[in-house]
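A.B. asks:
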Amino acid sequence: MAERKPIKGMTIERTEKLIADTLAELPEKAKKKRAPHLGANEPSVSSCAVKSNKKVVPGIMSQRGCAYAGAKGVVWGPIRDMIHVSHGPIGCGVYSWGTRRNLMQGIPGVTSFPMDFTSDFQERDIVYGGDIKLEKLLHEADELFPLNKGLSVLSECPVGLIGDDINAVAKKVAKDLDKLVVPCNCEGFRGVSQSLGHHISNDSIRDHIIGKFQFKEEVGPYDIALIGDYNIGGDVWAAKPILEEIGLNVKSVWTGDGEVEKIGATHAVKLNLIHCYRSMNYMCKVMEEKWNIPWLEYNFFGPTKIEESLRAIAERFDDKIKKNVEKVIKKYKAEMQAVLDEYKPRLEGKTAMLFVGGLRPRHTIGAYEDLGIQITGAGYEFAHQDDYDRTAPEMAKGTLIYDDVSEFELEKFVEELKPDLVGSGIKEKYVFQKAGIPFRQMHSWDYSGPYHGYEGFKVFARDIDMAINSPTWGLVKSPF
Amino acid sequence: MSAEAAVKFVTEHTPEEIERVKNWINTEEYKEKNFARTSLVVNPAHACQPLGAQMVATGFEGALPFIHGSQGCASYFRSTFSRHYREPAAATCDAMTEDGAVFGGQNNLFEGLQNAYEIYKPKMIPIFTTCMPEVIGDDLTAYTKNAKTQGFIPEDLPTPYANTPSFNGSHIHGYDSMLMSILQTLTEGKKVEGKCTGKLNIIPGFDGNVGNLREYKRIIELMGVPYTMLADVSDVFDSGCDGEYKLYPGGTKLEDAAESINGKATIAMQKYATANTMKWIESEYDGQKAIIPMPFGVKKTDEFILKLSELFGKPIPEALKAERARAVDAMTDAHQYLHGRKFAIAGDPDYLIGIVTFLLEMGARPWHILCSRTTKKFQKEMQSLLDSSVFGEGCSIYINKDLWHMRSLLVTDPVDGIIGDTHAKWAARDAKIPLFRIGFPIIDRVNLHRTPVVGYNGAISMLSMIANKFLDIKDETCSDQWFEMMR
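Read top to bottom, the protein sequences are chains F and D. In case it helps, the numbering used here puts the first sequence at residues 12 to 491. In case it helps, the numbering used here puts the second sequence at residues 3 to 489.
1) For a test of the three-state rule: what should DSSP assign to glycine 460 of chain D, helix, strand or coil?
2) How should tyrosine 458 of chain F be labelled, buried or exposed, when 16 other C-beta atoms within 10 angstroms of its C-beta is the threshold for buried?
3) How many angstroms separate the CA atom of methionine 126 of chain F from the CA atom of tryptophan 306 of chain F?
4) When you measure from the CB of serine 55 of chain F to every non-hydrogen atom of the ligand FAD, does any distance come out below 7 Å?
5) By the criterion of Cβ-Cβ separation under 9 Å, what are the contact partners of serine 6 of chain F in chain D?
6) List in chain order: all unbroken alpha helix (DSSP H) runs of 4+ residues lying wholly within the stretch 153–220 of chain F.
7) Determine the chain D residues that contact tyrosine 293 of chain F at a beta-carbon separation under 8 Å, and present them in chain order.
8) Within 8 Å, do at least three Cβ pairs link the stretch 371–388 of chain F to the stretch 346–362 of chain F?
9) Alpha carbon to alpha carbon, how far is alanine 41 of chain F from cysteine 197 of chain F? Give it in angstroms, no decimals.
10) Going along chain F in order, which residues have a C-beta closer than 7 Å to the C-beta of leucine 42 of chain D?
11) My assumption, with CB atoms under 8 Å, is that serine 183 of chain D sits in contact with glycine 102 of chain F. Please give the rounded CB distance.
12) In angstroms, rounded to a whole number, what distance separates the CA positions of isoleucine 318 of chain D and lysine 197 of chain D?
13) List, in order along the chain, the chain D residues whose C-beta lies closer than 9 Å to that of threonine 122 of chain F?
14) Give a yes or no on whether 8 Å exceeds the smallest Cβ distance from isoleucine 30 of chain F to chain D.
15) Around the Cβ of proline 232 of chain F, are there at least 16 other Cβ atoms within 10 angstroms (buried) or fewer (exposed)?
16) Determine the burial state of cysteine 133 of chain D: buried for a count of at least 16 other Cβ atoms within 10 Å of its Cβ, exposed for fewer.
17) Using a Cβ-Cβ cut-off of 8 Å, state whether alanine 118 of chain D counts as contacting chain F.
18) Candidates F:Trp484, F:Gly99, F:Ser123 and F:Lys469: which alpha carbon is nearest valine 271 of chain F's?
19) With a cut-off of 8 Å, does the C-beta of serine 290 of chain F fall near any C-beta of chain D?
20) Does lysine 472 of chain D come out as helix, strand or coil in the three-state DSSP assignment?
21) Quick check on this structure: which residue in D:Gly226, D:Ala233, D:Leu202 and D:Arg39 has the alpha carbon closest to the alpha carbon of phenylalanine 62 of chain D?
22) According to the neighbour-count rule (16 or more other Cβ atoms, all chains shown, within 10 Å of its Cβ), is asparagine 470 of chain D buried or exposed?
23) Determine the direct distance from the alpha carbon of aspartate 153 of chain F to that of tyrosine 218 of chain D, and round the result to whole angstroms.
24) Going by alpha carbons, who is nearest to tyrosine 354 of chain F out of F:Lys43, F:Glu36, F:Leu158 and F:Phe471?
25) Give me, in chain order, the residues of the same chain whose beta-carbon lies closer than 6 Å to that of asparagine 310 of chain F; leave out the 5 immediate sequence neighbours on both sides.
26) Tell me which residues share the same chain as aspartate 158 of chain D and place their Cβ nearer than 8 Å to its Cβ, disregarding the 5 neighbours each side in the sequence.
27) According to DSSP, is isoleucine 440 of chain D part of a helix, a strand, or is it coil?
28) Classify tryptophan 33 of chain F: buried if its beta carbon has 16 or more other beta carbons within 10 angstroms, exposed otherwise.
29) Among D:Asn148, D:Glu100, D:Val104 and D:Thr189, which one has its Cα closest to the Cα of alanine 115 of chain D?
30) Grab me the residues of alanine 332 of chain D's own chain with a C-beta within less than 7 Å of its C-beta, minus the 5 sequence neighbours each way, in chain order.
31) Under 8 Å: do the stretch 388–398 of chain D and the stretch 351–371 of chain D share three or more Cβ pairs, one atom per stretch?
32) Return helix, strand or coil for leucine 148 of chain F, following the three-state DSSP convention.
33) Should methionine 180 of chain D be flagged as near chain F, meaning a C-beta pair shorter than 8 Å?
34) Output needed for alanine 47 of chain D: all residues of its chain with C-beta closer than 6 Å, excluding positions within five of it in sequence on either side, in chain order.
35) Short of 6 Å in beta carbon distance, which residues of its chain neighbour serine 58 of chain F, apart from the five on each side in sequence? Order them along the chain.
36) Would you please verify whether the beta carbon of valine 336 of chain F is less than 8 Å from any beta carbon of chain D?
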């Protein structure tokens, strides 16, 4: 891949000075801990030098979540036909209820369960343990929601601390009900971020679900699965039709709008397409090792990346798919050009800074670039080294890379680099908007979406233009 | 049995099965089963203690809420406030992980306090806990003392703390504990025999409506009463956009909070959210004390204003008399659109008492009243409120029940509308009735938290919101022959 065009004013020296100046304001120990997580981008170096996946520095406003958040909010929650029990005190279940926008089909309470199921631990549960209550509540849940295809038990901090054995309870209830009952030991204190929650969830899917089901119909040469797409704002519903249009059959989706039995039968597909590498690369590797299923990372943000991805996907199939891919690319070309013609004149030359989770700080770069926007800084809440290695080539030389950036640091960076847009999360949104800086909430597409696929790019372009060019920003400075 | 044989085919429910269950969950039989559950909670309408603690901690000038415990909890609280208010919600935490669980959280606390103090330069660090340190039994009194003697933070930095385990009570109890602790810390040694500041201390309670807080202050100012609002989040969670982000955009001044102990009087606007604080104030503060139910509707607002007048010997100003008359005018003008209408209500105890009062005043019927975490005492108080009006006849109170219970009630014994926070939108949709969003959190509509629902003006807003929605529904759903110019 060709190196990115340099961004005016962005040099390694300037970025390094900015980092040094920012760190100078931290206490010595915190400075030492934070320094390895910040760096100027060197796209030509093979491994990104920024350190990641380390503990949060106490006392700093980090944006990270926890293992439970990764398990419930990201991986398990979107599976629509299961009951997901937040096992423990009331808080975690309530805060994660409906707040990640993983949209789902089905009839709520009948065939889909976008609800908050909790054991609402009380003091006596802490003292005497919650296993008996858990067994009872799983039976109650199954009785009240008989069309569920299974239950998951997601443990909160106290459950692990008091030593409850949710695995044994799950095993017993699975037998009693003759249903999937999956324990997931994702207590929030485990690990350093939500990332471990993804991994633990993947392990529980591996142990309890994958390989346990098979599709009724014969496996076909074009059967694929989408891995790591959580259908935020309907992203799956925008990506799937493109794949179907080129002739592939999407047999299951992990886990956005997901159905558990289809997920359990995924080991029969011909190719796994992975969207969120961070949260589900483990599963692709498991399926590759155990069932020889190849996998491929793809990116459907913005027409350039869609084309690249479609051609890469076509390479894995025969001429029929290759021909279809060219047809599809051609078909949408004019539509995409119309979007660019409308928005690019107003966005060309603007800059943006990103700080999100999963895959977005690198995957969305192409979509911004399609609109003529350059990315001057990017970073992740909970990435690992391999994520940064994948990010460095997408960023221009000298741009700013920040891992688990604290609000304090990000503010300083934004103050210096003066981007026209910041794309980050809810906790950061209003900090920057108060400063008069346009912002889009990129975990949840700011209650818009989809942003994925051809349909999604139209929405993305409109939203970015709306954010940057809203006349409301012109009112921030008062004339008196 | 071989591993192969254990593999099952992917199944699909038949349309008949789906139809059967879809209908079944709306039946009396299902309702009975639903109410019989003892262990499962589905869609609760309450949150956990530290959330309330954070709200209080945010309400003091230069105070940085500090969460002793897991990182994830801190993110959940901050996100919840930011989603509701659409404002920044600064708070920091000491991000305890596995080693904290094994060795205790003292080291995390030391490092966390030092960093928080040096980076964010707060005037006060209110500390509260999450489940994790509560389960392992961290001793915060000792830890905080050690942090000071070992020089991680200055000795004189106020560091009130509250134990706020999520497995006890709800967000309103966290509010209560943190408020009491902050007041205890700040007023320590400040009581002067015979001194009186002449000021009113006003405690709003856990109230996500910043418009309410501003309305209290406006009424008090109109009465000409000097005051201090304790835990005043109105500017913090409703700050302006002027091109500059401020970490500490407002809150009760620490000196004012310290002086509150020498105040002339203290009024709490919520009883259940301030129970322990008010008990402590009763014993420590010299001035008069009063707990006023949230002033929803006219009579409770009268009560609030009369209390101010009585405590401070002030006449009721003409402006407030005129406001009252306008509210009554609005209510008599619009009574026909609410009279006899049945409502379901879910929320915090203090909100419920207030909303029910207003509905009874309008001749409406608070048919299903549900509180997902409260006490028998509340139930008794609510019952006597219902008994005070003919419109309370036949209305039912459900305590420690959740919004899935509420759904069963709505489909078996229908009402015209539901009043509650955003969480009630699922039940409202299933019952095909409007949800009037009052309470916390409201995360699917904009700016509702800026419009007061208390006081005379609040009564007008609430009434207009409800009556006009009913009229909208009529216009949208009536057949052509009933579509009229006037309503």
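Idealized CB from N, CA, C, for every residue including glycine.
C.D. replies: On the basis of the supplied data:
1) Glycine 460 of chain D: helix per DSSP, three-state reduction.
2) Under this definition tyrosine 458 of chain F is an exposed residue.
3) Between the alpha carbons of methionine 126 of chain F and tryptophan 306 of chain F lies a gap of roughly 33 Å.
4) The model depicted lacks the ligand FAD and carries no ligand whatsoever.
5) Nothing can be reported for residue 6 of chain F, as the shown portion of chain F is limited to 12 through 491.
6) 168–172, 177–188 and 205–219, all fully within the stretch 153–220 of chain F.
7) Residues of chain D passing the Cβ test: none, with the nearest at roughly 20 Å.
8) The answer is yes - the stretch 371–388 of chain F touches the stretch 346–362 of chain F, with three or more Cβ pairs under 8 Å.
9) Looking at the two C-alpha atoms, the distance is approximately 28 Å.
10) In chain order: Phe128, Leu148, Glu151 and Ala152.
11) Contact doesn't hold; Cβ gap of about 20 Å is too wide.
12) It is roughly 27 Å from the alpha-carbon of isoleucine 318 of chain D to the alpha-carbon of lysine 197 of chain D.
13) Within chain D, the residues His15, Ile20, Val23 and Lys24 have their CB atoms less than 9 Å from the CB of threonine 122 of chain F, given in chain order.
14) With 8 Å as the cut-off, isoleucine 30 of chain F does not count as an interface residue toward chain D.
15) It is exposed - the Cβ of proline 232 of chain F has fewer than 16 other Cβ atoms within 10 Å.
16) Around the beta carbon of cysteine 133 of chain D, a 10 Å sphere encloses 16 or more other beta carbons of the protein chains shown; the residue is thus reported as buried.
17) Answer yes: the Cβ-Cβ gap between alanine 118 of chain D and chain F drops below 8 Å somewhere.
18) Of F:Trp484, F:Gly99, F:Ser123 and F:Lys469, the residue nearest in Cα terms is F:Ser123.
19) Judged by the 8 Å Cβ criterion, serine 290 of chain F is not in contact with chain D.
20) Correcting the residue type first, residue 472 of chain D is phenylalanine in the shown sequence and not lysine. It is helical.
21) Cα-wise, what sits closest to phenylalanine 62 of chain D is D:Ala233.
22) Exposed, because fewer than 16 other Cβ atoms sit within 10 Å of the Cβ of asparagine 470 of chain D.
23) Between tyrosine 218 of chain D and aspartate 153 of chain F, the alpha-carbon positions lie close to 48 Å from each other.
24) Among F:Lys43, F:Glu36, F:Leu158 and F:Phe471, the Cα nearest to that of tyrosine 354 of chain F is on F:Phe471.
25) Excluding residues within five positions, the ones whose Cβ falls inside 6 Å are Lys316, Ser320 and His374.
26) Correct list: empty, nothing qualifies.
27) Assignment of isoleucine 440 of chain D by DSSP, reduced to helix, strand and coil, places it in the coil class.
28) Residue identity check: residue 33 of chain F is threonine in the sequence provided, not tryptophan. Result: buried.
29) Checking the displayed sequence, the identity of residue 115 of chain D turns out to be leucine instead of alanine. In terms of CA proximity to leucine 115 of chain D, D:Asn148 leads the group D:Asn148, D:Glu100, D:Val104 and D:Thr189.
30) Around alanine 332 of chain D: Ile462 and Leu465.
31) Here the stretch 388–398 of chain D makes contact with the stretch 351–371 of chain D; the two share three or more CB pairs at distances below 8 Å.
32) Under the three-state reduction of DSSP, leucine 148 of chain F is assigned to helix.
33) Chain F has no Cβ within less than 8 Å of the Cβ of methionine 180 of chain D.
34) Correct list, in chain order: Ala348, Ser374, Leu405 and His425.
35) Excluding residues within five positions, the ones whose Cβ falls inside 6 Å are Asp400.
36) Valine 336 of chain F does not count as touching chain D.
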